[in-house]
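Residue numbers (our numbering): 454 to 1197.
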Amino acid sequence: MADNHSADEPLLLNLTDAENENPPRSTFATALVKWVLGVAMWLVLGLWVAVFFMFPSDAWTELVESWTSVTSGSIYGITGSIFLLCSGPILVIVFLAIASLMVDGKKALQLKTSSKYPRIRLRTFPILVDGPFGVVSAAEFIGICLFVAFAIWALYAYTMQNLNVLLEPSLSSEAKWILMLTVIGIRFAWIGMFCLAFLFLPISRGSVLLSIIDIPFEQATRYHVWLGHLTMPFFTLHGLCFVIAWALEGQLLDEILEWTDEGIAILPGVISLLAGLLMWVTALPPVRKKNFELFFYTHQLYVVFVIFLALHGGDFYFSLAAGGIFLFVIDRFLRFCQSRRTVDVISATCLPGGSVELVFSKPANLRYTALSFIFLQIRELSCLQWHPFSVSSSPLAGRKRISVLIKVSGEWTSNLKSKVLHMSGTEGENGLHSQSRSKITASVEGPYGHEIPYHLTYENLILVAGGSGISPFLAVLSDILHLTNQGKPCLPKNVLVIWTIRKSNELHLLSTLDTESTCPNFSDKLDLEVRVYVTRESDPPLEEGNIDEGISTSVSPLSRGSGMSVLVGTGNRAWSGAYAISSIVGFVVSMALLDIFYVHPFNILSWWYKGLLLVGCMIGSVIIFGGPVIYSWHRWEKRAIAAEEAEDGENDDKSQQSAHSNTMQDNIVPKDRALSWTTHYGARPNFQEIFMSVSECWGNVDIGVIVSGPATLQSSVAKQCRSRNLRRRALHPVFHYNSHSFDL
């Protein structure tokens, strides 16, 4: 009998043995512990949010007075009390999340029977499709409403409190307005600090918080952008109110340059605000898209912003948002350690149509999913720039390889292509050879992505790509083909690929998917349809069915370094959890030791200096307490790799690399005709007709729609998903919208 599961339930089970065809289900005790930990996390999160919502009210004052009277007797003092109340909950959630992931064990692929009763899900139902936020799901819309509600509630509560200043009879009219501006400026700072408490959480790329809710980094980056646009206006209004008040008093310059030991230090606040404004202005879409490098380099001012913010408000005020910032510091140091390694570039290939394929060496125990991202740095091009790219290879295609497809569309990618051509001895299309060959030195961060391959949770898939957005879908299709060929659980049975490109020379990318050797006769088990729309060509440039092959060059191998590090991304949970816990515990211990042996004995009272000490403890605890764990993790990784090499044997490893190199060379010419597609010239996809046809053909099922491409393409597809779901008939499908586009 088939199981009838809700559409809200995940279609993947967590198993301990991926190789067992009938693995045992989770025990009742394990399920109970996971449930308890999940409830505890939600309760702590709810209490944390409730504390923020209470802040503008009189109840907050009573709560703080009661709380500090109980806890201020500790060695941490009032600052420790505020930190525990405002930043402590997020660290508690991290502990619970680590415990939950450890109990969960290693995720392995096991599929449930698809639901007979499709339902709309909040995370995959687009509510807003046009506007400043882009495509927003129902779940994201609820989160936006909560933040907006907090801002409105805080502004209302503070406005009502500030009106009492105008009723003060002992002050002159000018003094009342100066006092009013001062009070309003302080209120704006408080609201900004509470927004700041969440600002750094989404950009902790390897954060356990993103893993526990299964939100990939590229999607969480949008939340950071939204929070930034909410936080900076409050800080800007905070500074503007004080500037106007000081100008009315005639003390503007004196106040701005003030740096007092006790109380708020003004000058560090001015420096922090200026750094924040530079980051904010250059992050606006018109500036960021036209000059990405300006945005990238300016955004490194976050170090100045955070440090001088701590100097400005001291340890007391900085502790309001210190929890999220500390988690970012933990993640940043781990990424720094991973990126120090030089990674083997097994091969580099210049493909027709202006694309470059890079294949990197990786350890076999590095886990990732087909829809993952990596951050890539080529040191010969820039020692500072990191660029995100979708993984184009399936994790099932090679245990020790991972590849990316890079479309040449800017200065950095153009320089990369020239570098590869120079290394292969080919200078341009004329085939001139170079006597001296340079090398490519790569560093990699990641991979980052979903904990589970969600594209395998749908029996029916629509993959919509624009231009180079086809890259992650090559990995998805390879995933499905490998699972189908190996007879392993694979839910997708109907797959429709819609690819929009400008010119037909990009068609070569699709031919890199070797369906014939991956899964012979796959059409018997999988209904795969590919529709390509060439928008800027009215007719095929050559005879029908031929592809302009252009120029292809390949170099293998390029360098001798090592494989990617497993320190970040989908690495080992036990080690990553131990690193996070040791860093947090080290932070608590270092703060206590600092208070016992330095702050109290030497009677340190300067607010700005104590704020600097707080930041120093964050950085020091990650290095001193977390560093040994990273070192042990690195040693464990080396032993694991050595054991793998001993098991596989050198000859087997070399034959794998040689076979892959030969496969790449064969794929340069599109000999694989098992994968057929229809090409439409001079046309764009009519998503209304496509979705209508699919609705009639596939019937009452769940359909996963994944879009990888520009914002206009995402908006068009999201509109159709929303429209079809709202006007859905009884026997029509539910379209689940998912976006896979990285937009910094």
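Beta carbons are placed, not taken as given, at the ideal position from N, Cα and C, and that holds for glycine.
Quantities reported herein were computed from a predicted structural model and do not represent experimental measurements.
*Please go through the same chain and pick out, in chain order, the residues whose beta-carbon is closer than 6 Å to the beta-carbon of Leu-649, but skip the five residues on each side of it.*
On the sequence shown, residue 649 is found 196 positions in, with the first residue counted as 1. Cβ neighbours of Leu-649 beyond the five flanking positions: Thr-684 and Ala-774.
*Mind checking who Tyr-611 pairs with in its DSSP beta bridge?*
On the sequence shown, position 158 is the one that residue 611 refers to. Answer is none; Tyr-611 lacks a bridge partner.
*Give me whichever residues DSSP pairs with Val-1187 in a beta bridge.*
Translated into the one-based positions of the sequence shown, residue 1187 becomes position 734. Answer is Asp-1155.
_Inter-residue spacing [alpha-carbon to alpha-carbon] between Ser-924 and Asn-1056_ = By one-based count along the sequence shown, residue 924 stands at place 471. By one-based count along the sequence shown, residue 1056 stands at place 603. The alpha-carbon atoms of Ser-924 and Asn-1056 are separated by roughly 60 Å.
*Just tell me which of Ala-673, Gly-1157 and Ser-1161 has its CA closest to the CA of Ile-573.*
Against the sequence shown, residue 573 aligns to sequence position 120. Out of Ala-673, Gly-1157 and Ser-1161, Gly-1157 has the C-alpha closest to the C-alpha of Ile-573.
_Tell me the rounded alpha-carbon separation between Cys-790 and Leu-1020._
Walking along the sequence shown from the start, residue 790 turns up at place 337. Walking along the sequence shown from the start, residue 1020 turns up at place 567. Looking at the two C-alpha atoms, the distance is approximately 8 Å.
*Does DSSP put Glu-959 in a helix, in a strand, or in coil?*
Working through the sequence shown from its first residue, we reach residue 959 at position 506. Here Glu-959 sits in helix by DSSP.
_Between which two residues does the alpha helix (DSSP H) holding Pro-721 run?_
As a working mapping, residue 721 is identified with position 268 in the sequence shown. It spans 719-735 - the alpha helix (DSSP H) in which Pro-721 sits, taken as one unbroken run.
*asked:* Checking 7 Å against the spacing of the C-beta atoms, do Ser-1131 and Arg-984 come in under that value?
replied: For this step, residue 1131 is matched to residue 678 along the sequence shown. For this step, residue 984 is matched to residue 531 along the sequence shown. First, the residue type needs correcting, since residue 1131 is Thr and not Ser in the sequence shown. Yes; because the gap between Cβ atoms is below 7 Å, this pair is in contact.
*Please say whether Phe-1188 and Ser-1169 have beta carbons closer to each other than 7 Å?*
As a first step, residue 1169 is located in the sequence shown; it is residue number 716 there, counting from the start. As a first step, residue 1188 is located in the sequence shown; it is residue number 735 there, counting from the start. For Ser-1169 and Phe-1188, no; Cβs fall outside 7 Å.
*alpha helix (DSSP H) containing Thr-1131: first to last residue?*
Indexing the sequence shown from 1 puts residue 1131 at position 678. Unbroken run through Thr-1131 is the beta strand (DSSP E), 1131-1134; no alpha helix (DSSP H).
*Between the Cα of Leu-936 and those of Ala-850, Gln-830 and Leu-949, spot the shortest distance and give me the residue it belongs to.*
Within the sequence shown, the letter at position 483 stands for residue 936. For the residues Ala-850, Gln-830 and Leu-949, the minimum Cα distance to Leu-936 belongs to Ala-850.
*Opposite Lys-860 in the DSSP bridges: which residues?*
Working through the sequence shown from its first residue, we reach residue 860 at position 407. Looking at the DSSP assignment, Lys-860 forms a beta bridge with Ser-808.
_Reduced DSSP category for Cys-943 - H, G, I as helix; E, B as strand; rest coil_ = Taking the sequence shown and counting its residues from 1, one reaches residue 943 at position 490. Coil at Cys-943, not helix or strand.
_Quick check on the burial criterion: 16 or more other C-beta atoms within 10 angstroms. Buried or exposed for Pro-622?_
Numbered from its first residue, the sequence shown carries residue 622 at position 169. Pro-622 comes out exposed.
*Mind checking Asp-583: buried by the 16 CB within 10 Å criterion, or exposed?*
For this step, residue 583 is matched to residue 130 along the sequence shown. With fewer than 16 Cβ atoms within 10 Å of its Cβ, Asp-583 is classed as exposed.
*Decide if Glu-1032 is buried, meaning its Cβ has at least 16 other Cβ atoms within 10 Å, or exposed.*
In the sequence shown, counting from the first residue as 1, residue 1032 sits at position 579. Per the sequence presented here, residue 1032 reads as Tyr, with Glu not at that position. Buried: at least 16 other Cβ atoms inside 10 Å.
*Find out if the Cβ-Cβ distance for the pair Arg-1175, Pro-579 is shorter than 7 Å.*
What you label residue 1175 is simply residue 722 of the sequence shown in a count that begins at 1. What you label residue 579 is simply residue 126 of the sequence shown in a count that begins at 1. Closer than 7 Å, so yes.
*For Cys-803, which three-state DSSP category applies?*
Residue numbering aside, residue 803 sits at position 350 when the sequence shown is read from its first letter. Three-state DSSP puts Cys-803 in a strand.
*Cβ contact (3+ pairs, closer than 8 Å) linking the stretch 808-828 and the stretch 842-856*: yes
*State the beta-bridge partners of Asp-707 as determined by DSSP.*
Residue numbering aside, residue 707 sits at position 254 when the sequence shown is read from its first letter. DSSP lists no partner for Asp-707.
*So Ser-1059 is in the beta strand (DSSP E); what residue range does that whole segment cover?*
Locating residue 1059 in the sequence shown gives position 606, where the first residue counts as 1. No beta strand (DSSP E) contains Ser-1059, which DSSP labels as neither H nor E.
*What is the C-beta distance between Pro-816 and Ile-1094, in whole angstroms, given that I count them as a contact (C-beta under 8 Å)?*
Here residue 816 refers to the residue found at position 363 when the sequence shown is read from its first residue. Here residue 1094 refers to the residue found at position 641 when the sequence shown is read from its first residue. Between Ile-1094 and Pro-816 the Cβ distance is about 5 Å, and since that is below 8 Å, they are a contact.
*Going straight from the alpha carbon of Ala-550 to that of Trp-495, what length do you get?*
To locate residue 550, count along the sequence shown from 1; it is residue 97. To locate residue 495, count along the sequence shown from 1; it is residue 42. In a straight line, the C-alpha of Ala-550 is about 11 Å away from that of Trp-495.
*DSSP state of Phe-695, grouped into three classes?*
In the sequence shown, the residue the question calls residue 695 occupies position 242. Helix.
*Quick one: what does DSSP say Val-983 is sitting in, helix, strand or coil?*
Locating residue 983 in the sequence shown gives position 530, where the first residue counts as 1. Strand at Val-983.
*Distance between beta carbons of Arg-658 and Tyr-901, contact taken as under 8 Å*: Residue mapping note: residue 901 aligns to position 448 of the sequence shown, counting from 1. Residue mapping note: residue 658 aligns to position 205 of the sequence shown, counting from 1. Confirmed, Cβ separation roughly 5 Å.
_Other residues of its chain near Asp-784: CB distance less than 7 Å, five sequence neighbours each side excluded_ = Locating residue 784 in the sequence shown gives position 331, where the first residue counts as 1. Correct list, in chain order: Ser-657, Arg-658, Gly-659 and Ser-660.
_For Leu-647 and Phe-505, what's the separation of their Cα atoms in angstroms?_
Numbered from its first residue, the sequence shown carries residue 647 at position 194. Numbered from its first residue, the sequence shown carries residue 505 at position 52. Here residue 647 is Phe; the residue named in the question, Leu, does not match the sequence. Distance between the alpha carbons of Phe-647 and Phe-505 is about 7 Å.
_contact_flag[the stretch 715-725, the stretch 736-749] where n(CB pairs < 8 Å) is 3 or more_ = no
_At 3 residues or longer, what runs of the beta strand (DSSP E) sit wholly inside the stretch 896-930?_
913-919
_His-840, DSSP secondary structure in three states_ = Along the sequence shown, one-based indexing puts residue 840 at 387. DSSP places His-840 in strand when its eight states are reduced to three.
_What does the alpha-carbon distance come out to for the pair Ser-1161 and Ser-1192?_
Here residue 1161 corresponds to residue number 708 of the sequence shown, with the count starting at 1. Here residue 1192 corresponds to residue number 739 of the sequence shown, with the count starting at 1. Going from the Cα of Ser-1161 to the Cα of Ser-1192 covers about 6 Å.
*Trp-699 to Glu-708, Cα distance in whole Å?*
For the purposes of this step, residue 699 is taken as the residue at position 246 of the sequence shown. For the purposes of this step, residue 708 is taken as the residue at position 255 of the sequence shown. Their Cα atoms are separated by approximately 7 Å.
_Distance CB(Ala-928)-CB(Val-796) smaller than 7 Å_ = Stepping through the sequence shown from its first residue, residue 928 is reached at position 475. Stepping through the sequence shown from its first residue, residue 796 is reached at position 343. No, they are not a contact pair.
*Looking only at DSSP bridge pairs, what is Ser-1192 linked to?*
Counted from its first residue, the sequence shown places residue 1192 at position 739. DSSP, once it has assigned bridges, lists Val-1160 as partnering Ser-1192.
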